[in-house]
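> Chains as they are written, first to last, in this note's numbering: chain V, 57 to 310; chain Z, 3 to 106.
Ideal placement from N, C-alpha and C gives every residue a C-beta, glycine not left out.
If you're wondering where the values come from, they're calculated on a predicted model, not measured in any experiment.
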């Protein structure tokens, strides 16, 4: 009987001590799982942040490369006016400085949403929509005007040659008529090309899409029309040269 | 006396020769024998044909035939390509413009 009582007491003691221990043991295992999960999530977030920052910096570099190409286009243009070059290079430098500042902010960012917010600012520079097309249009406008000037001198030279042929008794009526056409075509080309540079050079990123889109669209059309007129004028000039060549060849054969 | 008459006759002849037949032609004449005749002839040429290049003639009178031989006209260019060589780059310039316009 006494032995039986001892056994019951021992069982109760064991039950009282063993149950909490099991419970503690269970709790201990659950804590280790939570710590592991938290560490994995942190690593994943960090990797995502790094990847996003790298992507943002790559996008900024891409824009900076585009600005570099615009600088080269201006530097390589033999016909852009000094004023236009200075103005465009100023716009390009300002955009580059802003992009470099953005890159510094990306590098300093510590959260993914922060980087996303910086990435969203990149398209706002409108380099592809405004700065690049306006730079190319200004260069083209100035180049077409320069070409028109050279064609003017060509036409003046042809006028002198036609006069000489006429004084030598040649029939140059057709040459005179063509010269008049040529002068008209040159004037038309220059008239189309000349205003484009001034109409687009003041456009800024904020002008996209309105009025930038329509202004640049009109500029593109006018420049193409100017190119066509000047090409025709040059062709007319070459036609006059052929007439003169035939006249003078015939005269030297006599 | 005879000498004076002869000089007068020659002067008159020169005047007639210079002003008469060649009046509308494109020449000026000079005479080695009569300064007066030379002056008259130059005036005649200047008023009738102002656009002509004037050259000198060594004949004593300037009939129509002589005037024709002293007129010069602009010669045609010896080499047209050479005359227009400063515009040789126009073709290349135009190609450059085409590329430029293609990239707009």
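Identify whether residue 228 of chain V lies in helix, strand or coil by the three-state DSSP scheme.
coil
> Suppose contacts are defined by Cβ-Cβ distances below 8 Å. Is residue 248 of chain V in contact with residue 281 of chain V by that definition?
yes
> Please list the terminal residues of the continuous alpha helix (DSSP H) segment that includes residue 172 of chain V.
168 to 175
> Given that a residue counts as buried once 16 or more other Cβ atoms are within 10 Å of its Cβ, and exposed if not, what is residue 220 of chain V?
buried
> Let's see if you can read the secondary structure: which residues bound the alpha helix (DSSP H) around residue 261 of chain V?
Per DSSP, residue 261 of chain V belongs to no alpha helix (DSSP H) and is neither H nor E.
> Verify the CB distance criterion: does residue 85 of chain Z have a CB-CB separation below 8 Å to chain V?
Cβ-Cβ to chain V under 8 Å: yes for residue 85 of chain Z.
> Using DSSP with H/G/I as helix, E/B as strand and the rest coil, what is residue 136 of chain V?
coil
> Could you check the C-alpha separation between residue 104 of chain Z and residue 198 of chain V for me, to the nearest Å?
16 Å
> Since residue 218 of chain V is in the alpha helix (DSSP H), which residue starts that stretch and which ends it?
188 to 223
> Taking only beta-carbon atoms, is residue 193 of chain V less than 8 Å away from chain C?
In the displayed structure, chain C is absent; the protein chains listed are V and Z.
> At the 8 Å Cβ level, is residue 189 of chain V part of the contact set with chain Z, yes or no?
yes
> Hey, how far is the Cα of residue 50 of chain Z from the Cα of residue 307 of chain V?
Bear in mind that the predicted position of residue 50 of chain Z carries a pLDDT of just 38, short of 50, making it unreliable; the figure below should be weighed with that in mind. Rounded to whole angstroms, residue 50 of chain Z to residue 307 of chain V spans 29 Å at the Cα level.
> Going by the beta-carbon positions, is the gap between residue 123 of chain V and residue 152 of chain V smaller than 8 Å?
Yes; because the gap between Cβ atoms is below 8 Å, this pair is in contact.
> Measuring only the C-alpha atoms, how far is residue 239 of chain V from residue 211 of chain V?
Their Cα atoms are separated by approximately 7 Å.
> Find the nearest neighbour of residue 283 of chain V within the set V/301, V/267, V/260, V/241, judged by alpha-carbon distance.
The residue among V/301, V/267, V/260, V/241 with its C-alpha nearest the C-alpha of residue 283 of chain V is V/241.
> Give me, in chain order, the residues of the same chain whose beta-carbon lies closer than 8 Å to that of residue 193 of chain V; leave out the 5 immediate sequence neighbours on both sides.
252, 253, 256, 272, 275, 276, 279
> Please state the DSSP three-state secondary structure of residue 105 of chain Z.
coil
> Any contact of the region 99 to 115 of chain V with the region 175 to 189 of chain V, i.e. 3+ C-beta pairs under 8 Å?
yes
> Between which two residues does the alpha helix (DSSP H) harbouring residue 84 of chain Z extend?
From DSSP, the alpha helix (DSSP H) with residue 84 of chain Z extends over 82 to 85.
> Closer than 8 Å by beta-carbon distance: list the chain Z residues that pair up with residue 297 of chain V, in chain order.
Using a Cβ-Cβ cut-off of 8 Å, residue 297 of chain V is close to 82, 86 of chain Z, given in chain order.
> Is residue 280 of chain V close to chain Z, meaning its C-beta is less than 8 Å from at least one C-beta of that chain?
yes
> Anything in chain Z within Cβ reach of residue 290 of chain V, meaning under 7 Å, just list it in chain order.
Correct list: 92, 96.
> Sorted by chain position, which residues of the same chain lie with C-beta nearer than 7 Å to residue 208 of chain V's C-beta, five sequence neighbours on each side aside?
So the qualifying residues of the chain are 242.
> Apart from the five residues just before and just after residue 295 of chain V, which ones in its own chain have a Cβ nearer than 7 Å to its Cβ?
Short of 7 Å from the beta carbon of residue 295 of chain V, and not among the five residues preceding or following it, lie these beta carbons of its own chain, in chain order: 234.
> Tell me whether residue 165 of chain V sits in a helix, a strand or coil according to DSSP, three-state version.
coil
> Quick one: what does DSSP say residue 182 of chain V is sitting in, helix, strand or coil?
coil
> In this structure, does DSSP put residue 106 of chain V in helix, strand or coil?
helix
> Going straight from the alpha carbon of residue 167 of chain V to that of residue 161 of chain V, what length do you get?
12 Å
> Quick check: the Cα distance between residue 311 of chain V and residue 147 of chain V, rounded to an integer number of angstroms?
Because chain V is modelled from 57 through 310, residue 311 of chain V falls outside the range shown and cannot be assessed.
> Residue 133 of chain V: buried (16+ other C-beta within 10 angstroms of its C-beta) or exposed?
With 16 or more Cβ atoms within 10 Å of its Cβ, residue 133 of chain V is classed as buried.
> Anyone know if the C-beta pair for residue 157 of chain V and residue 261 of chain V falls short of 8 Å?
no
> Helix or strand or just coil, what does DSSP make of residue 250 of chain V?
Three-state result, residue 250 of chain V: helix.
> For a contact defined as C-beta to C-beta under 9 Å, what are the partners of residue 200 of chain V on chain Z?
99, 102, 103
> For residue 300 of chain V and residue 268 of chain V, what's the separation of their Cα atoms in angstroms?
For residue 300 of chain V and residue 268 of chain V, the distance between alpha carbons rounds to 48 Å.
> Using three-state DSSP, classify residue 55 of chain Z as helix, strand or coil.
Residue confidence for residue 55 of chain Z is low, a pLDDT of 41 falling below 50, so the modelled location carries little weight; the figure read from the coordinates is stated next. It is coil, neither helix nor strand.
> Can a CB atom of chain V be found closer than 8 Å to the CB of residue 51 of chain Z?
Per-residue confidence for residue 51 of chain Z stands at a pLDDT of 39, beneath the threshold of 50, marking its modelled position as unreliable; the derived number appears in the next sentence. Contacts with chain V at 8 Å (Cβ-Cβ) do not include residue 51 of chain Z.
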